[in-house]
Amino acid sequence: MVRPTDKTANNRTPRELNRSLVLDLVEAHGPISRTSLARLSGLTKPTVSAIIEELLESGSVRDVGTESRGGRPARLLEFNEESAAYLGIEIGVEQTAVAVADARGRLRARMEQPSVLRDPHRTVRDIADLLPKVLQLSGVPRKRLRGACAIVPGLIERPSGVCVLAPNLGWERFPLRAELSRALRMPVPVYNLPQAAAVAEGELGAARGHASYAWVYVGLGIGAGLVVDGRLFFGMQGYSGEIGHCRVAEDGPLCGCGRRGCLETFTSVMALRRAAEAASARSRVLAELPSPHAVDAVASAALAGDESARAIFHEAGAQLARGIAVLLNVLNPQLVVLGGELLAAPDVLLGGVREALPKHAVRAGDVPVVASPLGSEAGLLGAVLLAREGAVRSLRLVPDGVLQDATP
Ligand SMILES: [Zn+2]
1 MVRPTDKTAN NRTPRELNRS LVLDLVEAHG PISRTSLARL SGLTKPTVSA IIEELLESGS
61 VRDVGTESRG GRPARLLEFN EESAAYLGIE IGVEQTAVAV ADARGRLRAR MEQPSVLRDP
121 HRTVRDIADL LPKVLQLSGV PRKRLRGACA IVPGLIERPS GVCVLAPNLG WERFPLRAEL
181 SRALRMPVPV YNLPQAAAVA EGELGAARGH ASYAWVYVGL GIGAGLVVDG RLFFGMQGYS
241 GEIGHCRVAE DGPLCGCGRR GCLETFTSVM ALRRAAEAAS ARSRVLAELP SPHAVDAVAS
301 AALAGDESAR AIFHEAGAQL ARGIAVLLNV LNPQLVVLGG ELLAAPDVLL GGVREALPKH
361 AVRAGDVPVV ASPLGSEAGL LGAVLLAREG AVRSLRLVPD GVLQDATP
C-alpha cells in the first residue's frame with residue numbers, strides 16, 4: 001500500500017522487512033503453502049518457515065489444513081482477519097464518525113455523531129465516548145485494537161500532529177494528535193482527508209497499481225492528497241496539496257484562509273449554492289428547490305437535464321481544472337481521482353474539467369481524471385488503512401513484483 005514518508009524502511013531490520021513481506025503475501029495469496037511463499041518472496045524455505053512460526057504464534061496467520069498436488073501434502077496458511085483490529089476516526093463538518101475494521105482493513109462497524117463546531121475539546125470527548133459503543137457494535141474486544149488514525153478537514157502540521165487551521169470546523173492550532181492519544185490511551189496519528197483518501201484509493205479504488213497520482217477533494221473546500229513514487233508526499237510541514245488556495249481571480253470573494261480570489265471560493269459547496277441561488281431567476285426547477293440549495297438537489301436537477309443546473313456543475317468543473325492543471329504541470333501524475341460532495345453529478349463536473357484542462361495544463365489529454373468509486377467512505381477507509389500501516393509496518397509490493405525501495 002501507499003506508505004507515509006516517515007515510515008521508511010531505514011529503521012527496520014531485515015527480519016522485520018521479511019516478516020512484513022511474508023505477511024503481505026499470505027494476505028494477498030492465501031491459502032498458500034510455505035513452498036509457494038518462498039518462491040514468491042525470493043526467501044529461502046527455512047527463512048519462510050521460521051517467519052511462519054512467529055506469525056502462527058502471534059495469531060496473524062492460521063493453518064487451514066493440507067493440499068496435495070501430486071507430491072507430498074503441504075500445509076496451507078491463511079491470513080487471520082480476527083488477529084487485530086484498527087480504529088478509524090473521521091472528523092467532519094457535519095458529523096464525526098468512528099469505525100472499527102478487522103486486520104484486513106474491512107469496516108466492521110461505524111457510529112456517527114453530529115459535529116460540534118469551534119469546540120475541539122468537545123469533539124475529542126465525543127470520540128472517546130463513541131469508542132466503547134462502536135467496539136461493542138463490532139463485537140471486537142478493546143485489547144484487539146492495534147492502531148488508530150484520525151482524519152480532519154484542515155491543515156495538519158507534521159510531525160507534531162497539531163491541527164493548525166480547519167476553517168470549516170472553526171479550529172486553530174489545536175494539538176489533535178496529543179489530545180486524541182491521551183483521551184483514547186493509544187497513539188492516534190492525524191492526517192487530512194485527501195491524504196487518507198489517496199491511500200484508500202491506491203489500495204481499494206481507482207488508483208490501484210499506480211505509483212504517482214493525486215486525489216482531489218471537491219466539497220466544502222478543495223485539497224489534494226499527493227502520492228509520488230508510491231509514497232504520500234507531505235512537504236516540509238505537511239501542507240502540500242492545498243490547491244484550493246491557488247489564486248484564480250485578482251479580487252474575488254473572501255476565502256476561509258483570509259485571502260481573496262482563491263479557487264475554492266469559485267468551486268465548492270458554498271460557491272455552488274451561490275450559483276444555484278443566482279440561477280433560480282432563470283430556472284423554474286432551481287427556483288422551486290428549498291433555499292439554501294442543497295448540492296444533492298441541484299445535482300438531481302442537473303442529472304434530470306435542467307440546463308441551468310448542468311451549467312453550474314460544468315462551470316464548477318471548468319474552474320476546478322485550474323487547480324488540477326497545477327498538479328499536472330508540477331507532478332505529471334499517472335491519474336487524478338476526484339471525490340467529495342461536488343461529485344454528486346460526476347459526469348457533468350468531469351465534462352467541465354476535461355473541456356477546460358487543456359487551456360491550463362500542458363499534455364493534459366494524457367492524464368485520466370476520474371471520479372472516485374469509493375464515495376463518501378474514502379476518508380474513513382484510508383484512516384483505517386493508515387492505522388494498520390502504522391501498526392504492522394507492511395511494505396508495499398509494486399505491480400511488477402519488485403519490493404519497493406523506501407529510501408527517502
Ligand atoms: Zn484561500
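Each residue of the sequence shown is one higher than the last, beginning at 1 in full-length UniProt numbering.
Quick reminder that beta carbons are idealized off the backbone N, C-alpha and C, glycines included.
Item: Please specify which runs of the beta strand (DSSP E), each continuous and at least 3 residues long, are wholly inside the segment 132 to 192, giving them in chain order.; Value: 145 to 152, 155 to 157, 162 to 166, 171 to 174, 190 to 192
Item: Kindly indicate which three-state DSSP category D6 falls into: helix, strand or coil?; Value: In this prediction, D6 scores a pLDDT of 46, lower than 50, which makes its location untrustworthy; the coordinate-derived value is nonetheless stated afterwards. If DSSP states are grouped into helix, strand and coil, D6 belongs with coil.
Item: Please report the distance separating the alpha-carbon of L169 from that of E57.; Value: 45 Å
Item: In whole angstroms, what separates the C-alpha of A364 from that of T47?; Value: 48 Å
Item: Helix, strand or coil for M111 per DSSP?; Value: strand
Item: Are the beta-carbon atoms of G225 and N192 separated by less than 9 Å?; Value: yes
Item: Determine, using beta carbons only, whether V285 and A309 come nearer to each other than 9 Å.; Value: yes
Item: Given this structure, state the Cα-to-Cα distance separating E90 from K45, to the nearest angstrom.; Value: 43 Å
Item: Ordered along the chain, which non-local residues of its own chain (more than five positions away) have a Cβ less than 7 Å from that of S240?; Value: L226, F233, F234
Item: Rounded to the nearest angstrom, what separates P290 and A299 at their Cα positions?; Value: 14 Å
Item: Applying the 10 Å Cβ sphere with the 16-neighbour rule, what's the burial state of P14?; Value: exposed
Item: Give me, in chain order, the residues of the same chain whose beta-carbon lies closer than 7 Å to that of P399; leave out the 5 immediate sequence neighbours on both sides.; Value: Because P399 sits at a pLDDT of 34, beneath the cut-off of 50, its placement in the model cannot be relied upon, and the following sentence gives the value as read from the coordinates. G209, listed in sequence order.
Item: Applying the criterion that 16 or more other CB atoms from any shown protein chain within 10 Å of the CB defines a buried residue, is E389 buried or exposed?; Value: buried
Item: Would the beta-carbon of R110 be found less than 8 Å away from any heavy atom of ligand 1?; Value: no
Item: DSSP puts E264 in a beta bridge; with which residues?; Value: DSSP output for E264 lists no bridge partner at all.
Item: Using the Cα positions of L43 and L87, report the straight-line distance between them to the nearest angstrom.; Value: 33 Å
Item: Give the single residue among E377, H314, E16 whose Cα lies nearest to the Cα of G351.; Value: H314
Item: With a threshold of 8 Å on Cβ separation, who are the neighbours of R19 within its own chain once the five nearest residues in sequence on each side are excluded?; Value: I51, E54, L55
Item: Using only alpha-carbon positions, find the residue among P73, L77, E67, G71 that is nearest to G59.; Value: L77
Item: Helix, strand or coil, according to DSSP, for F234 in the structure here?; Value: coil
Item: Can you list, in chain order, the stretches of the beta strand (DSSP E) that have 3 or more residues and sit fully within the segment 56 to 127?; Value: 61 to 67, 74 to 79, 85 to 91, 95 to 102, 107 to 114
Item: DSSP three-state call for E16: helix, strand or coil?; Value: helix
Item: Alpha carbons only, please: which of L155, A279, L320, A275 is nearest the one belonging to L338?; Value: L320
Item: Can you tell which of A74, T267, A148 has the C-alpha that lies nearest to the C-alpha of V190?; Value: A148
Item: Note down the Cα distance separating C246 from V116, rounded to an integer number of angstroms.; Value: 29 Å
Item: Tell me the DSSP bridge mates of Y213?; Value: V227, L335
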